[in-house]
Amino acid sequence: MRPVRVQLAHIGPGPLKRHRSHADGIGMTEASAIPAAGAAALAAAGMRELTADERGHLDRLRGHLAASGAPVATVEGLGDLLQAAHAAWVTTPAGQRPDPSPMITSIAVGVGDLIRASAPAARWVLHVDGPSASPALLSTDGSAAVVPFADVRRRWADGAARADERAAGGHGPTDPAQPDPTEVEGDAAWLERYVSAAASHLAAAEAAPAAPEPHEPAVDVQDHVRDHVPAPRPPVPDEHAWEPEHAYAAPDHPVEPAPDTAPRGRRATHARGAAELPDEPVVRYRTPGELPYVPSVDAQNLALRALDRGLTHAISDGPAPFALRDDGTNVHVKWFHADNDEALGLAERWVADGIGLRAAIGWVVPLDDDAAAHLPGLGAVPPDDTAASLGADHAVVVLASDSRMPGMVVAHRFSSGARTGAAGCPIGEPVVVGPCPTVL
Numbered sequence: 012m013r014p015v016r017v018q019l020a021h022i023g024p025g026p027l028k029r030h031r032s033h034a035d036g037i038g039m040t041e042a043s044a045i046p047a048a049g050a051a052a053l054a055a056a057g058m059r060e061l062t063a064d065e066r067g068h069l070d071r072l073r074g075h076l077a078a079s080g081a082p083v084a085t086v087e088g089l090g091d092l093l094q095a096a097h098a099a100w101v102t103t104p105a106g107q108r109p110d111p112s113p114m115i116t117s118i119a120v121g122v123g124d125l126i127r128a129s130a131p132a133a134r135w136v137l138h139v140d141g142p143s144a145s146p147a148l149l150s151t152d153g154s155a156a157v158v159p160f161a162d163v164r165r166r167w168a169d170g171a172a173r174a175d176e177r178a179a180g181g182h183g184p185t186d187p188a189q190p191d192p193t194e195v196e197g198d199a200a201w202l203e204r205y206v207s208a209a210a211s212h213l214a215a216a217e218a219a220p221a222a223p224e225p226h227e228p229a230v231d232v233q234d235h236v237r238d239h240v241p242a243p244r245p246p247v248p249d250e251h252a253w254e255p256e257h258a259y260a261a262p263d264h265p266v267e268p269a270p271d272t273a274p275r276g277r278r279a280t281h282a283r284g285a286a287e288l289p290d291e292p293v294v295r296y297r298t299p300g301e302l303p304y305v306p307s308v309d310a311q312n313l314a315l316r317a318l319d320r321g322l323t324h325a326i327s328d329g330p331a332p333f334a335l336r337d338d339g340t341n342v343h344v345k346w347f348h349a350d351n352d353e354a355l356g357l358a359e360r361w362v363a364d365g366i367g368l369r370a371a372i373g374w375v376v377p378l379d380d381d382a383a384a385h386l387p388g389l390g391a392v393p394p395d396d397t398a399a400s401l402g403a404d405h406a407v408v409v410l411a412s413d414s415r416m417p418g419m420v421v422a423h424r425f426s427s428g429a430r431t432g433a434a435g436c437p438i439g440e441p442v443v444v445g446p447c448p449t450v451l
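The sequence shown maps to residues 12 to 451 in our numbering.
The following block contains the structure:
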């Protein structure tokens, strides 16, 4: 199974400075993304779909860009506009420069549209992993992304910094009304290289889906267990350390879920016999912040990654219990192909036997006709008429926590295709089910 890596075009301050590569002078940042499930895949970690208002904002930026009168529908025209605007701005005395954000964002949406013209399967999303959100382009399978807004801003800021440094050292142009060509004359060429590289990057992700891993004949329980451990890399300070896992291509035919996929009396939380407990009142949670104990951001991210992993596997290969363990350098993933109760017991022991900062355990449960499921001792996946109408018949359930800390239960519905006859796909958004005892 091939690894996937997302390259994010990112600028300026923010958490995605990690793994920066300046190859070809483009300055694209590498960051790992979650493999997603087919055409209806979730956005990569740290990204979400645009709202109607956000799409409208991009349209308004396009209107501002068109009002410039420049031929912004071509790489050459937009590159010339960037270079001219940048040159005029950097040669203006620092205290008299206007806010460049309107120009930067207008040019950036034009850059993104040019990229998308060459990689039409990519879509606009919002990158929200950081102090400020930034529109991004994401491939269909979630394995590749570029953030043109961030890169244009970084290009702009770098040029201004160089111009100010030269002026402070007495090396500025003789006529301040004229740009210093050493600072901004490469903007047009940079934009051309950037658009070409970004479009190729996204198009390559669309053209090369990974094949599902074949099942192996089972001999005993241990033969049912597959251990996927990504190649180690040095830890990066202030980063949630994890490596890209595996991407699966969604099949064209429905995958029939295994019967009786709900665990009977085993909740992967050391609370046995929960199925015999009386029903308790169900509390509805909308966000992790409403839980009695709010898990860390890293634990929440691990839960989302586990949901994506479970969805990918369930849709492409069929459901199987699994576990993730984050040791601070890598996230290790293990699948357990055995009886569901027995597999969840193996998952508990695998998590407990290792060294980790946080962990997650997941499995697949069937949904009622109203897309709901009762999870004994944990809560419930609430009814959802819209999800039911779209064919949601199962859900991936994940328990995640930091070491020795209370955790959270999340779920994500999906259609196996059994009710609709179509290819399997995720349905709706992740659901916060409730709190749970520590997993690790």
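The beta carbon of each residue, even a glycine, is placed where N, CA and C say it ideally should be.
Secondary structure of Gly-88 (DSSP, three-state): helix. Under the Cβ criterion (8 Å, minimum of three pairs), the segment 336 to 346 counts as touching the segment 365 to 376. Contact between Leu-451 and Ser-400 does not hold, since their C-beta atoms are separated by about 38 Å, which reaches or exceeds 8 Å. Fewer than three beta-carbon pairs drawn from the segment 134 to 152 and the segment 79 to 94 are found closer than 8 Å, and the two stretches are therefore not classed as touching. If you check the CB distance, Gly-402 and Thr-431 come in under 7 Å.
Taking 7 Å as the cut-off, the beta carbon of Val-375 is found no closer than this to the beta carbon of His-423. Contact check for Glu-176 against Val-86 fails: the beta carbons are separated by 7 Å or more. DSSP, reduced to helix, strand and coil, places Met-58 within a strand of the structure shown. Using a Cβ distance threshold of 7 Å, Glu-217 and Thr-298 do not count as a contacting pair.
If only complete runs of 4 or more residues are kept, the segment 293 to 351 shows the alpha helix (DSSP H) at 308 to 327, in order along the chain. The DSSP-derived three-state label of Ile-366 is coil.
Assignment of Met-416 by DSSP, reduced to helix, strand and coil, places it in the coil class. Going by DSSP, Gly-445 is part of the beta strand (DSSP E) stretching over 442 to 447.
Put simply, of Ala-317, Leu-89, Glu-301, Gly-418 the residue whose alpha carbon is nearest the alpha carbon of Cys-447 is Gly-418.
Excluding residues up to 5 positions away in sequence, Ala-81, Pro-82 lie with their Cβ nearer than 8 Å to the Cβ of Gly-88 in the same chain. Every beta strand (DSSP E) stretch that sits fully inside the segment 87 to 175 and reaches 3 residues is listed by chain position as 134 to 138, 145 to 149. Straight-line spacing of the CA atoms in Asp-319 and Pro-104 works out to 50 Å. The three-state reading of DSSP puts Ala-358 in helix, counting H, G and I together.
Rounded to the nearest angstrom, the gap between the Cα atoms of Trp-167 and Arg-127 is 22 Å. Where Ala-398 is concerned, the enclosing alpha helix (DSSP H) starts and stops at 396 to 400.
Assignment of beta-bridge partners to Pro-377 by DSSP yields His-405. Distance from the CA atom of Met-114 to the CA atom of Ser-427, rounded to whole angstroms, is 46 Å.
DSSP, reduced to helix, strand and coil, places Val-83 outside both helices and strands of the structure shown, so it counts as coil.
In this chain, Ala-63 is not harboured by any beta strand (DSSP E); it is covered by the alpha helix (DSSP H) spanning 63 to 77. Counting C-beta atoms within 10 angstroms of its own C-beta, Gln-107 has fewer than 16 neighbours from the protein chains shown and is therefore classed as exposed. Nearest Cα to Pro-393 within the set Pro-441, Pro-330, Pro-159: Pro-441. When the beta-carbon positions are compared, Ala-354 and Pro-332 come within less than 7 Å of each other. For Ala-391, the enclosing beta strand (DSSP E) covers residues 390 to 392. The Cβ atoms of Phe-160 and Ser-145 lie closer than 7 Å to each other. Rounded to the nearest angstrom, the Cβ distance from Val-420 to Val-408 is 7 Å, consistent with a contact under 8 Å. In the displayed model, Val-450 falls within coil according to three-state DSSP, outside both helix and strand. For Ile-372, the beta-bridge partners assigned by DSSP are Ala-334, Leu-410.
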